[in-house]
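Under numbering that gives the first Met the number 0, the letters of the sequence shown match residues 0 to 246, in that order.
Comments concern the structure below.
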Amino acid sequence: MKKLSLILALMLVLSCALFAACGGDEESSAADSSAASSEAASSDVESSEASSEAASSDVESSEVSDDSSAPALDAGDNIASGKAYTTSELFRQDDSWQWNPDSPIAYPDEDGKSMTDGILAPEGASYDNAAWAGFHSQGPDYLANGYDNITVDLGASSDMVKFAVNIATTATGAGGPQTVEIYVSADGENWGDAVATITALNPADAMTEYLTAELSEAVSGQYVQFRLYTTGYWMHIAEVEVYAPAA
Numbered sequence: 000m001k002k003l004s005l006i007l008a009l010m011l012v013l014s015c016a017l018f019a020a021c022g023g024d025e026e027s028s029a030a031d032s033s034a035a036s037s038e039a040a041s042s043d044v045e046s047s048e049a050s051s052e053a054a055s056s057d058v059e060s061s062e063v064s065d066d067s068s069a070p071a072l073d074a075g076d077n078i079a080s081g082k083a084y085t086t087s088e089l090f091r092q093d094d095s096w097q098w099n100p101d102s103p104i105a106y107p108d109e110d111g112k113s114m115t116d117g118i119l120a121p122e123g124a125s126y127d128n129a130a131w132a133g134f135h136s137q138g139p140d141y142l143a144n145g146y147d148n149i150t151v152d153l154g155a156s157s158d159m160v161k162f163a164v165n166i167a168t169t170a171t172g173a174g175g176p177q178t179v180e181i182y183v184s185a186d187g188e189n190w191g192d193a194v195a196t197i198t199a200l201n202p203a204d205a206m207t208e209y210l211t212a213e214l215s216e217a218v219s220g221q222y223v224q225f226r227l228y229t230t231g232y233w234m235h236i237a238e239v240e241v242y243a244p245a246a
């Protein structure tokens, strides 16, 4: 009987020892697993932070290289002042208000000098004021080309950064162009694409508009053409201007 008790006690001790050993291994394994998971999570966080920093760097780089809002260059002198120019034929109007090549020009251009003489239309200049030269969408050039034009010869190739027009509004009883596209050429024949576009505001409380287009990069040429577009009829113009960069 004593031997049996001794054997049972010995078996119990061995069982406890084995259990302790197994439990210790499991705890160690669990600890190792937890540490590995923690290291992986830390690595993921660092990787995410690095990716975030890289993305932030890309955004900053994009913002620096984005030149869509580049400022306009400072303008100097009006180099079109006093320069010669040609135009589409001004509107010759008969008694029935129709185009007639044998009729006089309704709103003449004062001997081809008034649109670069530096004199703007005065405040309150109605449709019949002498400051205006009158184009019309029923004139032969407009019907043939889809626009009328004023082409200034600067006399030599020049850099340009700003353009301006002085036009009438519908408050005058006539009106001005709704859109003016500006082209530059070295030879007066090859124009390429428009370098600027001016859109009329046509305020109801004013009879004249002075509108400008400013460039962020200079363009060069000897000839500047202002193309006049309308969905109406009359297009009254008093002045066109071209500005060189400031010295």
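We treat Cβ as the ideally placed atom computed from N, Cα and C, and that holds for glycine.
Beta carbon of residue i nearer than 9 Å to that of residue j
{"i": "Tyr141", "j": "Ser219", "result": "no"}
{"i": "Met234", "j": "Ala143", "result": "no"}
{"i": "Thr207", "j": "Pro121", "result": "yes"}
{"i": "Val239", "j": "Tyr84", "result": "yes"}
{"i": "Val160", "j": "Leu89", "result": "no"}
{"i": "Gly81", "j": "Gly111", "result": "no"}
{"i": "Thr196", "j": "Thr169", "result": "no"}
{"i": "Ala74", "j": "Asn165", "result": "no"}
{"i": "Tyr156", "j": "Ala193", "result": "The question names Tyr, but residue 156 in the sequence shown is Ser. Result no, Cβ atoms of Ser156 and Ala193 do not sit closer than 9 Å."}
{"i": "Ala246", "j": "Leu72", "result": "no"}
Range of the contiguous beta strand (DSSP E) that encloses residue i
{"i": "Pro139", "result": "Not the beta strand (DSSP E): Pro139 falls in the alpha helix (DSSP H), residues 139-144."}
{"i": "Ala237", "result": "233-244"}
{"i": "Tyr126", "result": "First-last for Tyr126: undefined, no H or E at that position."}
{"i": "Thr85", "result": "84-86"}
{"i": "Ala74", "result": "74-77"}
{"i": "Ala132", "result": "132-135"}
Expected contact under 8 Å - CB spacing of residue i and residue j to nearest Å
{"i": "Tyr209", "j": "Thr150", "result": "Between Thr150 and Tyr209 the Cβ distance is about 21 Å, and since that is not below 8 Å, they are no contact."}
{"i": "Val241", "j": "Leu153", "result": "7 Å"}
{"i": "Arg91", "j": "Asn148", "result": "Not really, about 17 Å apart at Cβ, beyond 8 Å."}
{"i": "Thr115", "j": "Ala69", "result": "Actually they are not in contact, since the Cβ atoms of Thr115 and Ala69 sit about 29 Å apart, beyond 8 Å."}
{"i": "Pro244", "j": "Asp158", "result": "6 Å"}
Residue-chain proximity (residue i, chain C), Cβ-Cβ < 9 Å
{"i": "Ala124", "result": "Note that chain C does not occur in the displayed structure, where there is just one protein chain."}
Any non-hydrogen atom of the ligand MG closer than 8 Å to residue i Cβ
{"i": "Gln221", "result": "The ligand MG is absent from the structure shown, which contains no ligands of any kind."}
Run through the segment 166-200 for me and flag every whole beta strand (DSSP E) of 3 or more residues, listed as ranges in chain order. 178-184, 195-198
Validate contact between the segment 95-108 and the segment 198-214 using beta carbons, cut 8 Å, 3 pairs: no
Just list the alpha helix (DSSP H) runs in the segment 201-231, keeping only unbroken ones of 4 residues or longer that don't cross its boundaries, in chain order. none
Please determine if the segment 129-136 and the segment 230-245 are in contact, where contact requires at least 3 C-beta pairs separated by less than 8 Å. yes
Quick test of the definition: if touching needs 3 or more C-beta pairs under 8 Å, does the segment 169-177 touch the segment 125-132? yes
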